[in-house]
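Those protein sequence lines, which keep their order, are chains A and B. Under our numbering, the first residue of the first sequence is numbered 1, with each subsequent residue one higher. Under our numbering, the first residue of the second sequence is numbered 1001, with each subsequent residue one higher. By construction, the Cβ of each residue, glycine as well, lies at the ideal position given by its N, Cα and C atoms.
2 protein chains.
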Amino acid sequence: MQPKLTVHSDTAAPNAESARHVLSLPGTFTMHLGGELQNVQIAYETWGKLAPDRSNALLLFTGLSPSAHAASSPADPTPGWWEEMLGPGKPLDSQRFFVLCINSLGSCFGSTGPSSLNPETGKPYALSFPTLTVEDIATAAHAALATLGIRRVQVVMGASLGGMSALAYALLFPGAADVLVSLSSATHSEPFAIAVRSLQRELIRSDGAWQGGNYPSGDGPRAGMRLARKLGMMSYRSAAEWLERFGRERADSAEHEPFGLEFEVESYLESRARAFVGGFDANSYLYLSRAMDLFDAAEHGGTVAKAFKRLKLQKALVVGVETDILFPLHQQCALAEGFERAGIATQYLALPSKQGHDSFLVDMDRFRPAVGDFLAAL
Amino acid sequence: MQPKLTVHSDTAAPNAESARHVLSLPGTFTMHLGGELQNVQIAYETWGKLAPDRSNALLLFTGLSPSAHAASSPADPTPGWWEEMLGPGKPLDSQRFFVLCINSLGSCFGSTGPSSLNPETGKPYALSFPTLTVEDIATAAHAALATLGIRRVQVVMGASLGGMSALAYALLFPGAADVLVSLSSATHSEPFAIAVRSLQRELIRSDGAWQGGNYPSGDGPRAGMRLARKLGMMSYRSAAEWLERFGRERADSAEHEPFGLEFEVESYLESRARAFVGGFDANSYLYLSRAMDLFDAAEHGGTVAKAFKRLKLQKALVVGVETDILFPLHQQCALAEGFERAGIATQYLALPSKQGHDSFLVDMDRFRPAVGDFLAAL
Chain A
1 MQPKLTVHSD
11 TAAPNAESAR
21 HVLSLPGTFT
31 MHLGGELQNV
41 QIAYETWGKL
51 APDRSNALLL
61 FTGLSPSAHA
71 ASSPADPTPG
81 WWEEMLGPGK
91 PLDSQRFFVL
101 CINSLGSCFG
111 STGPSSLNPE
121 TGKPYALSFP
131 TLTVEDIATA
141 AHAALATLGI
151 RRVQVVMGAS
161 LGGMSALAYA
171 LLFPGAADVL
181 VSLSSATHSE
191 PFAIAVRSLQ
201 RELIRSDGAW
211 QGGNYPSGDG
221 PRAGMRLARK
231 LGMMSYRSAA
241 EWLERFGRER
251 ADSAEHEPFG
261 LEFEVESYLE
271 SRARAFVGGF
281 DANSYLYLSR
291 AMDLFDAAEH
301 GGTVAKAFKR
311 LKLQKALVVG
321 VETDILFPLH
331 QQCALAEGFE
341 RAGIATQYLA
351 LPSKQGHDSF
361 LVDMDRFRPA
371 VGDFLAAL
Chain B
1001 MQPKLTVHSD
1011 TAAPNAESAR
1021 HVLSLPGTFT
1031 MHLGGELQNV
1041 QIAYETWGKL
1051 APDRSNALLL
1061 FTGLSPSAHA
1071 ASSPADPTPG
1081 WWEEMLGPGK
1091 PLDSQRFFVL
1101 CINSLGSCFG
1111 STGPSSLNPE
1121 TGKPYALSFP
1131 TLTVEDIATA
1141 AHAALATLGI
1151 RRVQVVMGAS
1161 LGGMSALAYA
1171 LLFPGAADVL
1181 VSLSSATHSE
1191 PFAIAVRSLQ
1201 RELIRSDGAW
1211 QGGNYPSGDG
1221 PRAGMRLARK
1231 LGMMSYRSAA
1241 EWLERFGRER
1251 ADSAEHEPFG
1261 LEFEVESYLE
1271 SRARAFVGGF
1281 DANSYLYLSR
1291 AMDLFDAAEH
1301 GGTVAKAFKR
1311 LKLQKALVVG
1321 VETDILFPLH
1331 QQCALAEGFE
1341 RAGIATQYLA
1351 LPSKQGHDSF
1361 LVDMDRFRPA
1371 VGDFLAAL
């Protein structure tokens, strides 16, 4: 499908990102907790073809930091963040589904976010960007699909924040999706996860280079982002994985600054954190991170049970991982039970993956069949 | 017992800390990984009376941050950090034991540490303080007890870092203790704990006020210490405790800085972190924190099993907590099994406390009987 009218391929990086489309939402976008945005842009990529009866759309939301480039395609052959999961013959089979991956509202990979220019001032929104919620991410995606003429998707899915966005989509727009797939996500954030993310945000804000959010475009609090990413890695992976992988192996480091790297696990965190810095806008990180804390499905009805009564899903798949400390298994179990009680045919899988919250990105041997078998049976 | 000769009551704060004694170790103190200290001071407090045959000494090592003031006494009626555990009729019964609590070498509550004046320069050691190990803490305590005429203690014990110090004491000085009590400790640090502490140290070092360790006495990297303490709290407590205690309760805060406190768990961390800052020397924190990472009992024989063959303990008690993510239960289990295999009569208790690593400080209803019954049966 080639979208028309307000849609254009991204021209910022024509070679590297020629698979990325950007569309404009018509009119004023009103935020869930107040505030408005004008001229909202939503970036997305697609794989496969929309069936003539428009019945095969699969809407994929991302976690906090990925772009819409979930997988390679003829238009952009570089590997995506879910390369092993999406494509011809893969679990998200592009020979069967028309897959759309949306860059979340508030992010920094083509969709409108704090680093975007405010059309009213000509300057980046920075902290004048209104409070972002998961509901806004879902609403912007829904409006984007409407612009593309897709009123109903067969499957809405996502992992982590993406699972929250998928759930918000199903809650806000009953009937707009038939099937929901939630991976390592939850109906709300628990205090440990809030604490981790709160400290990450504080590390970014504590970096003088943040300048109250008004850092120069493309620059920003690199040291704070690096520290926040290290803390993130501690919550994304698991102690069991690191024990097996690193044990007490010493770092092979030429650096000898006082209290510098001694152990391989420290070296690993340093290299992962350095790789992350510069690729993600700090203010987007703050807004998306807080949106995860704020999300609570119970607010859509008083309790989760009441909220879920409005759902018009036919089926759901809920997958969690035993070693996840950010979205622990008991939250996956509660989510699945909530779906069941709401009369939705639900499959619940508790995977023994060792890589914690990040398992959906790395433990492909478990996640491929978990998702693939479910989607194949639809 | 009133120690003589090189021992004097601390004169720095005569009213508040009149229970604190400080003794000087004779000669040069050679550090485990190299380097020397002259005129080492060791601060300690005592409870109860040493029996005429000197058979009832109980040596208590502390965790990373406490002073030697474990409990109140006539000389200092202010509550100590283990007030409910130590005193007449309490688990560490001062009517039976002569309890000595030692301020660790490298700390900042009377014992020589990085904030002490180097007698050769007249300035604080700061980063010229040699690399500190758990072995040094144990050796300094052993020398202090020798100065007091105590060559053998009935019990050596400690929690967290204190448990490591107690184990190092038993390994380095076989026969110097009959019984070992290890609470929420381990033979070594695993990569997750190393990662947490490494980032804590980096947060302190990243604070410009640290000045490469050369901050003015009594001042220092307050912001870095506050952030490090927040991260510490995440590793000291448990997600289960916070879920029960805070849920999604909102903060009752008058502050409205951008991305400031939204949830009660954030407010709790902020208040706990603020209370900690200023009370602990930042360089001491760095040295003691790294000492925990570096400790590995296996280095005393090639393997833990070989190292433990040198132990001359008669009995051991090993207590751990199910929700501890810093010193997880499988490490307690391995420690207890190691003692058993070395022929030491060992009692192992896995407590279902909800407060994580800090449970030994707060879940007194479980830790009092766990420790008290064991000691009473000696």
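Item                                                                                                                                                    : Value
Excluding five sequence neighbours on each side, which residues of the same chain lie with their C-beta closer than 8 Å to the C-beta of B/Ala1051?     : Phe1098
So A/Leu59 and A/Leu145 are supposed to be a Cβ contact under 8 Å. How far apart are they, rounded?                                                     : 7 Å
Provide the residue(s) that pair with A/Ala443 in DSSP beta bridges, ordered along the chain.                                                           : The displayed coordinates of chain A run from 1 to 378. Any statement about residue 443 of chain A would go beyond what the structure contains.
Residues of chain A with CB under 8 Å from B/Met1234, in chain order?                                                                                   : Phe192, Ala195, Val196 and Leu199
Please name the residue in A/Gln347, A/Met364 and A/Val153 whose C-alpha comes closest to that of A/Ala377.                                             : A/Gln347
Taking only beta-carbon positions, decide if B/His1188 is within less than 8 Å of chain A.                                                              : yes
If you drop the 5 nearest sequence neighbours on each side, which residues of the same chain put their C-beta closer than 8 Å to that of B/Ala1380?     : With chain B running from 1001 to 1378 in the structure shown, residue 1380 of chain B is simply not present.
Among the residues of its own chain, which have a CB less than 8 Å from the CB of A/Asp10, if the five just before and after it don't count?            : Reliability fails at A/Asp10, whose pLDDT of 44 lies under 50, so the model's placement of it is uncertain and the value that follows must be treated cautiously. Only Glu17, Ser18, Arg20, His21, Val22, Ala43 and Gly110 meet the Cβ criterion.
Report the neighbours of A/Ser206 on chain B: residues whose CB is nearer than 8 Å to its CB, in chain order.                                           : Ala1223 and Leu1227
Nearest-angstrom Cα distance between A/Glu270 and A/Gln200?                                                                                             : 16 Å
Once you ignore the five residues that flank A/Glu322 on each side, which residues in its own chain have a CB closer than 8 Å to its CB?                : Leu329, Ala350, Leu351, Pro352 and Ser353
Give me the DSSP bridge partner(s) of A/Tyr44.                                                                                                          : A/His21 and A/Ile102
Under a Cβ-count criterion, where at least 16 other Cβ atoms within 10 Å of its own Cβ denotes burial, should A/Pro124 be classed as buried or exposed? : buried
Below 8 Å, how does it come out for the region 128 to 148 of chain A and the region 168 to 187 of chain A: are there three or more Cβ pairs, yes or no? : yes
Counting only the same chain and skipping the five closest in sequence on each side, list residues whose C-beta sits under 8 Å from that of B/Ser1359.  : Ser1184, Val1321, Thr1323, Asp1324, Leu1351, Ser1353, Arg1366 and Phe1367
Any idea what DSSP makes of B/Ser1072, helix, strand or coil?                                                                                           : coil
Span of the alpha helix (DSSP H) holding A/Val277?                                                                                                      : Careful: A/Val277 lies outside any alpha helix (DSSP H) and carries neither H nor E.
Compute the Euclidean distance between the alpha carbons of B/Leu1161 and B/Pro1119, then round it to the nearest angstrom.                             : 28 Å
Closest to A/Asp296 by C-alpha separation, out of A/Gln211, A/Pro369, A/Gly213 and A/Gly163, would be which residue?                                    : A/Gly163
List the residues of chain B whose Cβ lies closer than 8 Å to the Cβ of A/Trp242, in chain order.                                                       : Glu1190, Pro1191, Phe1192 and Ala1195
For the beta strand (DSSP E) that contains A/Met157, what are its first and last residues?                                                              : Val153 to Ala159
Is B/Thr1147 helix, strand or coil when you go by DSSP?                                                                                                 : helix
Roughly how many whole angstroms lie between the Cα atoms of A/Ser28 and A/Ala71?                                                                       : The residue you asked about is not Ser; residue 28 of chain A is Thr in the sequence shown. Cα-Cα distance, rounded: 32 Å.
I'd like to know if B/Glu1036 contacts chain A, where contact means its C-beta is closer than 8 Å to some C-beta of that chain.                         : no
By the 9 Å beta-carbon criterion, what residues does the region 122 to 146 of chain A contribute toward chain B?                                        : Leu127
Threshold first: 3 residues or longer. Then list the beta strand (DSSP E) segments lying entirely within the region 296 to 343 of chain A, N to C.      : 315 to 321
Measuring CB to CB, does B/Ala1342 end up less than 8 Å from B/Leu1317?                                                                                 : no
Tell me B/Thr1434's beta-bridge partners as DSSP assigns them.                                                                                          : What the structure shows of chain B is the stretch from 1001 to 1378, and residue 1434 of chain B is not part of that stretch, so it cannot be assessed.
Can you list the beta strand (DSSP E) stretches of 3 or more residues lying completely in the region 1163 to 1189 of chain B, in chain order?           : 1177 to 1183
Determine whether the beta carbon atoms of A/Leu25 and A/Val40 lie at a separation below 8 Å.                                                           : yes
Counting only Cβ pairs nearer than 7 Å, list the residues of chain D close to A/Lys230.                                                                 : Of the protein chains in the structure, A and B, none is chain D.
For the alpha helix (DSSP H) containing A/Leu199, name the first residue and the last one.                                                              : Pro191 to Ser206
Which of the three DSSP states is assigned to B/Phe1360 in this structure?                                                                              : helix
In the structure shown, what three-state DSSP assignment does B/Gly1087 receive?                                                                        : strand
How is A/Glu36 classed by DSSP in three states: helix, strand or coil?                                                                                  : strand
What are the residues that DSSP puts in a beta bridge with A/Phe263?                                                                                    : A/Arg250
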